[in-house]
Ligand SMILES: [Zn+2]
């Protein structure tokens with residue numbers, strides 16, 4: 014029984030892998046996609062609620078209206094540029110929340126444009142608008158390039174390995190686990206580092222989006238310098254650095270990109286905004 018089960022699971026994973034390799038419309042790179050896009054988006058929505066509801070109940074969500082407004086204004090300029098890369102993302106319910114965790118340096122964007130930034134990133138790094146824009150546009154690029162979906166697929170594949178042991182219990186129970194599992198995969202995915210290829214893609218698209226939205230490309234370099242300088246000090250939690258290692262190498266690569274982004278940044282045409290929801294999770 015155990016062997017048959019193993020075979021079923023391995024065949025499922027192999028078929029999923031073959032079916033699941035998709036070419037990304039922005040990067041052209043083939044990605045392993047076990048999770049369909051619409052599922053990644055709907056499960057991320059569930060995960061967003063699951064993750065943020067307890068934080069909201071603790072009174073740690075958007076506690077500083079000035080900071081929330083600032084983050085909203087920056088992201089609404091970025092998203093207006095981001096949707097040009099993926100026109101259907103105009104219909105994503107883009108939202109951002111500021112999580113009041115003064116010691117945590119982190120930010121993320123789930124599939125479907127569900128974003129969050131921790132107050133520690135803004136306060137500890139004394140981040141400028143341009144620097145906040147760089148971190149958020151980098152995260153937005155991960156969502157546009159389906160990296161969150163790619164990480165969810167990895168998280169789910171890992172989880173399937175574990176779930177295989179419980180399949181035998183009952184079909185009904187497996188169904189229950191599978192449904193829970195995908196939303197969980199969206200949460201687990203936030204802690205999985207992206208590949209270096211995915212990071213390079215997001216660095217490039219992120220700095221480009223920010224430049225088009227009117228944010229200084231040079232801030233991408235200063236942001237990473239601040240991260241590198243601060244990371245060895247105090248008792249801050251640099252969650253962002255655990256999913257985004259090697260800040261020094263990244264700075265060097267970004268420095269090179271900066272020059273080519275300057276003409277985009279210096280374009281003085283009026284910058285559009287896109288509505289962003291804050292406060293509603
Ligand atoms: Zn990244």
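In the working numbering, the protein residues as written are 14 to 294.
Even glycine gets a Cβ: it sits at the ideal position worked out from N, Cα and C.
Annotation for residue 61: 123, 127 and 294 place their beta carbon closer than 7 angstroms to its own, counting only its chain and skipping 5 residues before and after.
Within the model, the alpha-carbon separation for residue 104 versus residue 40 is close to 21 angstroms. With respect to the 8 angstroms criterion, residue 289 and residue 132 are not classified as neighbours on the basis of their beta carbons. Within a 10 Å sphere around the beta-carbon of residue 280 sit fewer than 16 other beta-carbons, which makes this residue exposed. For residue 48, no beta strand (DSSP E) segment is defined, and its DSSP state is neither H nor E. In this structure, residue 89 has its beta carbon at no less than 7 angstroms from each heavy atom of ligand 1.
By the beta-carbon neighbour count (other beta carbons within 10 angstroms, threshold 16), residue 82 is exposed. Nearest C-alpha to residue 208 among 115, 44 and 201: 44. Each residue's CA atom was taken as its position, placing residue 267 and residue 238 some 11 angstroms apart. Cβ-Cβ distances below 8 angstroms link residue 148 to 120, 130, 134, 140, 236 and 253 in the same chain, with the five nearest sequence neighbours on each side left out; the list follows chain order. Taking residue 219 as the centre and dropping the five residues before and after it, the same chain places the C-beta of 150, 151 and 154 closer than 6 angstroms to its C-beta, in chain order. Taking a contact as a CB-CB distance under 8 angstroms, the pair residue 291 and residue 85 counts as one, their CB atoms being some 5 angstroms apart. Between ligand 1 and the CB of residue 159, the shortest heavy atom gap is not smaller than 7 angstroms. DSSP assignment within the region 35-101 yields the following whole alpha helix (DSSP H) runs of 4 residues or more, N-terminal first: 50-70 and 78-95. Counting along the chain, the unbroken beta strand (DSSP E) around residue 109 starts and ends at 108-112.
Between residue 167 and residue 117, the alpha-carbon positions lie close to 25 angstroms from each other. For residue 121, the enclosing beta strand (DSSP E) has its first and last residue at 120-123.
In this structure, ligand 1 has no non-hydrogen atom nearer than 7 angstroms to the beta-carbon of residue 119.
Relative to the non-hydrogen atoms of ligand 1, the Cβ of residue 207 comes within a distance shorter than 7 angstroms of at least one. DSSP places residue 218 inside the alpha helix (DSSP H), whose first and last residues are 209-225. Listed as beta-bridge partners of residue 117 by DSSP are 250. In this structure, the alpha-carbon of residue 156 lies about 31 angstroms from that of residue 246. 8 angstroms or more divides the Cβ of residue 274 from the Cβ of residue 260. In the DSSP assignment, the residues bridged to residue 290 are 108. Note: residue 131 is bridge-paired with 112 in the DSSP secondary-structure output.
Burial is judged here by how many other beta carbons sit within 10 angstroms of a residue's own beta carbon; residue 46 has at least 16 and is buried.
Not a single heavy atom of ligand 1 lies less than 7 angstroms from the C-beta of residue 221.
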